[in-house]
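Notes follow the structure.
Number of protein chains: 2
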Amino acid sequence: MIIDCHGHYTTAPQAHTDWRTAQKAAYTDGVTPPRYPDIPDDDIRASIDASQRKLMTERGVDLTIFSPRASAMEHHFGDESVSARWAAVSNDLIARVVRLYPASFAGVCQLPQFPGAPIARSIAELRRCVLELGFVGCNLNPDPSGGHWASPPLTDRSWYPFYEAMVELDVPAMVHVSSSCNPNFHATGAHYLNADTTAFMQFLTSDLFKDFPTLKFIIPHGGGAVPFHWGRYRGLAQDMKRPPLEELLLGNVFFDTCVYHLPGIELLLTVIPIDNLLFGSEMVGAVRGIDPRTGHYYDDTKRYVDALPVSDADRSKLFEGNAYRVYPRLKAQLAAAAKGH
Amino acid sequence: MIIDCHGHYTTAPQAHTDWRTAQKAAYTDGVTPPRYPDIPDDDIRASIDASQRKLMTERGVDLTIFSPRASAMEHHFGDESVSARWAAVSNDLIARVVRLYPASFAGVCQLPQFPGAPIARSIAELRRCVLELGFVGCNLNPDPSGGHWASPPLTDRSWYPFYEAMVELDVPAMVHVSSSCNPNFHATGAHYLNADTTAFMQFLTSDLFKDFPTLKFIIPHGGGAVPFHWGRYRGLAQDMKRPPLEELLLGNVFFDTCVYHLPGIELLLTVIPIDNLLFGSEMVGAVRGIDPRTGHYYDDTKRYVDALPVSDADRSKLFEGNAYRVYPRLKAQLAAAAKGH
Chain A
0 MIIDCHGHYT TAPQAHTDWR TAQKAAYTDG VTPPRYPDIP DDDIRASIDA SQRKLMTERG
60 VDLTIFSPRA SAMEHHFGDE SVSARWAAVS NDLIARVVRL YPASFAGVCQ LPQFPGAPIA
120 RSIAELRRCV LELGFVGCNL NPDPSGGHWA SPPLTDRSWY PFYEAMVELD VPAMVHVSSS
180 CNPNFHATGA HYLNADTTAF MQFLTSDLFK DFPTLKFIIP HGGGAVPFHW GRYRGLAQDM
240 KRPPLEELLL GNVFFDTCVY HLPGIELLLT VIPIDNLLFG SEMVGAVRGI DPRTGHYYDD
300 TKRYVDALPV SDADRSKLFE GNAYRVYPRL KAQLAAAAKG H
Chain B
0 MIIDCHGHYT TAPQAHTDWR TAQKAAYTDG VTPPRYPDIP DDDIRASIDA SQRKLMTERG
60 VDLTIFSPRA SAMEHHFGDE SVSARWAAVS NDLIARVVRL YPASFAGVCQ LPQFPGAPIA
120 RSIAELRRCV LELGFVGCNL NPDPSGGHWA SPPLTDRSWY PFYEAMVELD VPAMVHVSSS
180 CNPNFHATGA HYLNADTTAF MQFLTSDLFK DFPTLKFIIP HGGGAVPFHW GRYRGLAQDM
240 KRPPLEELLL GNVFFDTCVY HLPGIELLLT VIPIDNLLFG SEMVGAVRGI DPRTGHYYDD
300 TKRYVDALPV SDADRSKLFE GNAYRVYPRL KAQLAAAAKG H
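First to last, the protein sequences are chains A and B.
Residue 52 in numbering that gives the first Met the number 0 sits at position 53 of the first sequence, and the numbers go up by one each step.
Residue 271 in numbering that gives the first Met the number 0 sits at position 272 of the second sequence, and the numbers go up by one each step.
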């Protein structure tokens, strides 16, 4: 079984996207947003069959851990209740995808974060998504301001109630920002990767995982700049008299394989212990073209892994085993889905 | 000849550092700062001989392109004239190092940037440093706010007068932030690398190098996350219908080799054309320890290059030739220095 831990519903039905446009306009105009539309199952099937599932089949991916479109989370927009409503309908849509294709998708939720708002509302939505919708994880935005980085670091105690809920529910978080309102930061070319790098260094300088020994984070996009600068991080930890990275955070921090060329994946597999890597592609996502040098999609990250001399045992961890470990609810969820629950 | 393009004077004499402390205190207290101290040549020699030159000799580095301590630039502190005075005394100190060791150092200047201040003052200091002090380049801070990223991107026209001066004087800029006032960003573990990644993506999405075909930037720290994600950047450029990266920016953008482990340097040399790489170590800098896995300093980046199968021609470009091309004033400056001018 090949599990892709990082897929966003970037091809959601037009009615869903149109409603978001209307919701934003209504907020701006100070009026009540329209009712969320009835979206027929066939529209959802069409939006999935023609892109996500087609590409999964072509690439040999069996299951995608699937969440709402990251760039559209826009936690910075409107107010807390706008964010809450948008998260709820986006998560409900993911739940419908999972119900329609229980063998192909597992759900991960968007959180109703908002700059400066306490994390309580996000805890409630996490509980709903995990306990009622059967989701296996969440995307946590370390910068709900969208590029102004005005919230405290992820290691600040204001986040702790959320971590308590994650631990209790036994779900991990992918650290994932949304679009950028700061003209300095291109979303997928800078903001995403910067957030990955930033979060890792926050973890490195804190005792978060002493406080929460079972808390788990996936840092996407291959860990941002981190594996490329692994020597720098080992050296910084050493200079700061921190424990070695293995001991300090590799029981809690995992990277996906969203790195879109062979030398990058090779570095990732060389530097990061195999137990800390989860196969991921971010497909359909940030980069949609075909690499003229290879004739294949840039984001077909499985091809890069397949091209490298990875042992069967390690391949099995990367593609499947580590996902079960990092998303402890995944196996039971798939079994329940297979039984039609 | 081995040229290290990235060294900061992190071991400056205590009197210099003490004066900065006094300058900051004076600003805070609203009083006049004390006179800048007389620092004897012997104090400068002692600060250089025991660290920078000792390590250069041990590592086989002949020349360091040397600038004031990056984390101490603190463009965010005080006001424009505090920044101007601090830049001037810091640059004067670099000039003294270069005069004392003309065969071992070439100067690069700190700029008197300040958040929201026009770039005019920086142009004047650049002219002074290049024309009067014989400097060969500058460090340009894309975020003088120190982690709040409140200035326009480097591709905004407000920076253009500075680029006109760079082109006229024929000097490059290293894109280099200073310390971070944003608790989200650890300086050397996140802010530095994020700035590198951010600047690259700004260049990728703009026509800056159409407007300034001879403008040159060094992106330090191995280019931040960029080489690790080279496929992502190639794919993003393609999706945006931009020209290939080679054509779009590799005539103008260069990376140093400040990557502190062998697999990272290997990736860098695999992915980035050799003409775009300059040897650099950031020594004495961000990481000061010895890697227990190798028994050598993490930042002894020459060892990683030496361990890789690089042709003599490419080694020569990386260690020397590219530096002459990117810093066009360097050769003449060294010749003049050798003659005792």
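For each residue, glycine too, the CB sits at the ideal point set by N, CA and C.
*Below-7 Å beta-carbon distance, B/Phe-202 vs any chain A residue*: no
*So which of B/Lys-330, B/Tyr-100 and B/Arg-233 has the shortest CA-CA distance to A/Thr-293?*
B/Arg-233
_Within the region 205-264 of chain A, ranges of the alpha helix (DSSP H) (whole runs, at least 4 residues)_ = 207-210, 229-238 and 244-247
*Under 9 Å from the C-beta of B/Ala-285: neighbouring residues of chain A*: Arg-231, Gly-234, Leu-235 and Asp-238
*Whose Cβ in chain A lies nearer than 8 Å to the Cβ of B/Gly-221?*
The contacting residues are Phe-227 and His-228.
_What are the residues in the region 249-268 of chain B lying within 7 Å of chain A by C-beta distance?_
Val-258, Tyr-259, His-260, Pro-262, Gly-263 and Leu-266
_With a threshold of 7 Å between beta carbons, is A/Pro-152 in contact with chain E?_
Chain labels in this structure do not include chain E; the protein chains are A and B.
_Which same chain residues end up closer than 7 Å to B/Val-325 when comparing Cβ atoms and leaving out the 5 residues on each side of it in sequence?_
Pro-171, Lys-215, Ile-217, Phe-253 and Leu-277
*Which one or two residues does DSSP pair with A/Gly-6 in a beta bridge?*
A/Phe-65
*Out of A/His-74, A/Gly-136, A/Lys-23 and A/Gly-339, which has the shortest C-alpha to C-alpha gap to A/Ser-178?*
A/His-74
*Would you list, in chain order, the members of the region 166-188 of chain A that have their beta-carbon closer than 7 Å to a beta-carbon of chain B?*
Within the region 166-188 of chain A, the qualifying residues are Asn-181, Pro-182, Asn-183, Phe-184, His-185, Thr-187 and Gly-188.
_Any beta carbon from chain A within less than 7 Å of B/Trp-148's own beta carbon?_
Yes, contact with chain A.
*Hey, is B/Ala-105's beta-carbon within less than 7 Å of any beta-carbon in chain A?*
no
*Which residues in the same chain have their Cβ closer than 7 Å to the Cβ of B/Arg-68, if we skip the five residues on either side of it in sequence?*
His-7, Tyr-8, Thr-9 and Ala-11
*Would you tell me roughly how many angstroms separate the C-alpha atoms of A/Pro-327 and A/Leu-333, rounded to the nearest one?*
11 Å
*asked:* So the candidates are A/Pro-182, A/Val-309 and A/Pro-219; which of them puts its Cα closest to the Cα of B/Thr-204?
replied: A/Pro-182
*asked:* Do B/Lys-301 and B/Arg-52 count as a contact pair if the criterion is CB distance below 7 Å?
replied: Cβ atoms of B/Arg-52 and B/Lys-301: not closer than 7 Å.
*Whole-angstrom distance between B/Ala-119 and A/Ala-186, CA atom to CA atom*: Spanning the two alpha carbons is a distance of roughly 31 Å.
*If you measure from the beta carbon of A/Asn-193 to each beta carbon in chain B, is any gap under 7 Å?*
yes
*Report buried or exposed for A/Gln-22, applying the criterion of at least 16 other Cβ atoms within 10 angstroms of its Cβ.*
buried
_B/Phe-104 - containing beta strand (DSSP E), residue span_ = 104-109
*Using the beta-carbon of each residue, which ones in chain B are nearer than 7 Å to A/Thr-10?*
Result: empty, since nearest Cβ-Cβ is about 16 Å, beyond 7 Å.
*Please check the pair A/Val-107 and A/Ser-66, which I expect to be a contact at CB under 8 Å, by giving their CB distance rounded to whole angstroms.*
4 Å
*Considering only residues of the same chain and omitting the five flanking positions on each side of A/Asn-321, which have a CB-CB separation below 6 Å?*
Answer for A/Asn-321: Leu-277, listed in chain order.
*From the beta carbon of A/Gly-6, is the nearest beta carbon of chain B less than 7 Å away?*
Not closer than 7 Å to any Cβ of chain B, the Cβ of A/Gly-6 fails to qualify, so no.
*Please list, in chain order, all residues of the same chain as A/Trp-85 whose beta carbon is under 7 Å from its beta carbon, the five residues on each side excluded.*
Arg-19 and Gln-22
*A/Tyr-297 CB to nearest chain B CB: under 7 Å?*
yes
*Whose C-alpha, out of B/His-260, B/Ile-289 and B/Val-270, is nearest the C-alpha of A/Asp-238?*
B/Ile-289
_Alpha-carbon spacing of A/Val-176 relative to A/Pro-143, whole angstroms_ = 7 Å
*So, does the CB of A/Gly-145 fall closer than 7 Å to a CB anywhere in chain B?*
no
_Assigned secondary structure, A/Cys-180 (DSSP; H/G/I helix, E/B strand, else coil)_ = coil
*Within 7 Å, strictly: CB atoms of B/Val-166 and B/Phe-199*: No, these two residues do not count as a Cβ contact at 7 Å.
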